[in-house]
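In the working numbering, the protein residues as written are 26 to 330.
We treat Cβ as the ideally placed atom computed from N, Cα and C, and that holds for glycine.
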Amino acid sequence: MATDVHQHIWPPEFLALLRSRTAPPRLDGWTLHLPGEPPYAVDPADHDIAARTRLARADGLDLALVSLSSPLGIEYLPPAEAAPLLTAFHDGALDLPAPFGVWASACLSAPEPDTEALRRELARGCVGLQLPATALLDAAGWDRCAPLLDVAAEHDKPLFVHPGAAPAAQPTAPAWWPALVPYVQQLHASWFAFRAFGRPRHPDLRVCFAALAGLAPLHGERLVARGGGRDRGRVDHRAFYETSSYGTRAVDALVRAVGIDVVVSGSDRPYAAPVLPDLGADAAVHALRHANPARLLGPTKGARP
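The following block contains the structure:
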């Protein structure tokens, strides 16, 4: 199946709940307010289900995986606030028509992760677990999320690491600052924390990092120079990298570092358009859109029960 592993759609009930809030994250009409970002004018067409379905078909997709927008910070709201938003997102996203599939999200503010809620969403058809990179920046983060990752492993489902909420930016920062600075820093740090703490704890877990993991794998030479690269020549075939917001130069550089077999196509629609990098052969595009996502998602290839 031609697959895009990274898209976003906000179902109607989820939109209604965001509009009912008086504190960020909230929608005022179609203007999104977040603590760490300037007000963002949402295009209603971006969350028009019929229009997005036509667009996915026009892109030639057999499967487009939608996920909660982790920069909203919903995972870290108090449980009583997060629960209805998570339920509305999962219910609405699981009800989307083909070709859409869904990543599950989890509340991270409770004293203990709600593993039963994750089991329920995976049983309902979610393809795997998404966590914000901000939850996985160090050993403590990977340890705290370990119960959720154990559930994903038990169900043979992958983890998708997505940028989380941005900290408050300088008033003079340009609008693109969160996407280019804190998002990339989060992914960069979570990838190194995964190498140091996550992979030893979860040796068989399939993991996919959004946005090429902030290009963290390109720092292999520095890793060797600083004493952390004893296994630099060994490719982790269960660690994947999706391509959203990057083009041929970045994807080609990452392929040189980790090989093409672990790079998967993702767009981050509606925030970026799909880009198919020119890697010199049709087989490369087939790998990114077909073969590699199938290995990431596992035997079911994202199909719902």
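| Item | Value |
| --- | --- |
| DSSP-derived helix/strand/coil call for V287 | helix |
| Those residues which DSSP pairs with L237 across a bridge | DSSP, once it has assigned bridges, lists no residue as partnering L237. |
| Cβ neighbours of L143 in the same chain (closer than 7 Å, five flanking residues each side left out) | A129, A131, L154, L173, V176 |
| Backbone CA spacing between V140 and Y266 [nearest angstrom] | Checking the sequence, you will find Thr at residue 140 rather than Val. Those two C-alpha atoms are separated by around 26 Å. |
| Buried or exposed (CB count within 10 angstroms, at least 16 for buried), A264 | buried |
| Where the beta strand (DSSP E) containing V65 begins and where it ends | Just to set this straight, residue 65 is Tyr in the shown sequence, not Val. Unbroken beta strand (DSSP E) run through Y65: 62–66. |
| Opposing strand residues paired with P136 [DSSP bridges] | Beta-bridge pairing links P136 to no other residue. |
| First through last residue of the beta strand (DSSP E) which encompasses L156 | 154–157 |
| Coil, strand or helix - G253 by DSSP | coil |
| Alpha-carbon to alpha-carbon, A75 and G126 | 15 Å |
| CA nearest to the CA of D293, picked from L230, W216, H33 | H33 |
| Test item: CB-CB of G189 and A160 under 8 Å | yes |
| R51 to A200 span [Cα, whole Å] | 18 Å |
| Sequence-distant residues of its chain with Cβ nearer than 8 Å to L301 (five each side left out) | S290, V310, L313, R314 |
| L205 classed as buried or exposed, judged by whether at least 16 other C-beta atoms fall within 10 angstroms | exposed |
| Reduced DSSP category for D261 - H, G, I as helix; E, B as strand; rest coil | coil |
| Candidates R220, A27, I285, G166: closest to D87 by CA position | A27 |
| Per-residue DSSP class, three states only, for Q211 | helix |
| Cβ-Cβ separation, P157 to S95 (assumed contact under 8 Å), whole Å | 4 Å |
| Of the listed residues R82, P183, T197, nearest to G61 (C-alpha basis) | T197 |
| Selected residue, minimal CA-CA separation from H262, among D286, E100, D71 | D286 |
| Contact the stretch 65–72 vs the stretch 106–120: 3+ CB pairs below 8 Å | no |
| Residues that DSSP places opposite E267 in a beta bridge | V289 |
| Range covered by the alpha helix (DSSP H) that runs through H115 | 104–119 |
| Span of the alpha helix (DSSP H) around F39 | 37–45 |
| Nearest-angstrom Cα separation, counted from P242 out to R329 | Low confidence applies to R329: its pLDDT is 41, below 50, so where it sits in the model is not reliable, and the reading given next is rough at best. Roughly 32 Å between the two C-alpha positions. |
| Other residues of its chain near A278: CB distance less than 7 Å, five sequence neighbours each side excluded | L243 |
| Member of P299, T273, A319, A297 whose CA lies at the smallest distance from the CA of A306 | T273 |
| Beta-carbon proximity check, G239 vs Q210, cutoff 8 Å | yes |
| Check whether P64 and H58 have beta carbons under 8 Å apart | yes |
| Whole-angstrom C-beta distance between L322 and P183, which should lie under 8 Å | 6 Å |
| Pick from S45, C170, L133 that is closest to H227, judged by C-alpha positions | C170 |
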